[in-house]
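Asks: So the mapping is simple: our numbering equals the position in the sequence shown, first residue as 1, plus 3.
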Amino acid sequence: MPLTSSAKKALKQDRAHREINDLTRHKVKSAVKAARLAIAAGEKDAKTKLDAAYRELDIASKKNIIHKNRAARLKSRLAKKVAKISTAEDTAIAKKPAIKKTSAKTATKKK
């Protein structure tokens with residue numbers, strides 16, 4: 004047990020942070036699981052569950068509860084699974100419009 008007052012306070016803070024972190028980890032696990040089950044079942048609301056999983060993963064990685072690369076890996080794997088079951092119409096909506104590249108303007112020579 005802690006002896007000094009600062010050690011007691013640190014222990015109290017650690018316990019509070021642990022509860023918050025456990026809750027966040029649980030939210031991530033349940034959101035990812037719900038997304039995976041929706042994708043496997045081919046449900047139409049798989050996209051909304053995917054968005055919820057993205058949100059929870061982003062929150063957890065921003066707070067350093069899970070590593071940012073782990074969050075990116077999970078998001079990538081979920082996106083690949085959704086892409087397999089999504090129709091061509093859904094993928095056309097999800098894609099961003101291509102950015103048009105313009106050629107550099109050439110300077111005119113003064114006469």
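For every residue, glycine included, the Cβ atom is placed at its ideal position computed from N, Cα and C.
From a predicted model like this one, the values you see are computed outputs, not experimental measurements.
Taking just the CA atoms, how far does Q16 sit from L6?
Replies: For this step, residue 6 is matched to residue 3 along the sequence shown. For this step, residue 16 is matched to residue 13 along the sequence shown. Their Cα atoms are separated by approximately 15 angstroms.
Asks: Which residue from A74, L53, K84 and S89 puts its Cα closest to that of I62?
Replies: The residue you call residue 62 lines up with position 59 of the sequence shown. Out of A74, L53, K84 and S89, A74 has the C-alpha closest to the C-alpha of I62.
Asks: Between A38 and L81, which are expected to be in contact by the criterion C-beta below 8 angstroms, what is the C-beta distance as a whole number of angstroms?
Replies: Your numbering for residue 38 matches position 35 in the sequence shown. Your numbering for residue 81 matches position 78 in the sequence shown. Their Cβ separation, rounded to whole angstroms, is 6 angstroms, which keeps A38 and L81 in contact under 8 angstroms.
Asks: Take N24 as the anchor and find which of I88, E59, A110 and K47 has the nearest alpha-carbon.
Replies: Indexing the sequence shown from 1 puts residue 24 at position 21. That would be E59, whose Cα lies nearest to the Cα of N24.
Asks: Quick test of your reading: A49 and A41, contact by CB under 8 angstroms. State the CB separation rounded to the nearest angstrom.
Replies: If you number the sequence shown from 1, residue 49 lands on position 46. If you number the sequence shown from 1, residue 41 lands on position 38. With a Cβ gap of about 4 angstroms, A49 and A41 count as contacting.
Asks: Looking at C-alpha atoms only, which residue of I69, V85 and R76 is the closest neighbour of T51?
Replies: By 1-based counting over the sequence shown, the position of residue 51 is 48. Here the closest residue by C-alpha is V85.
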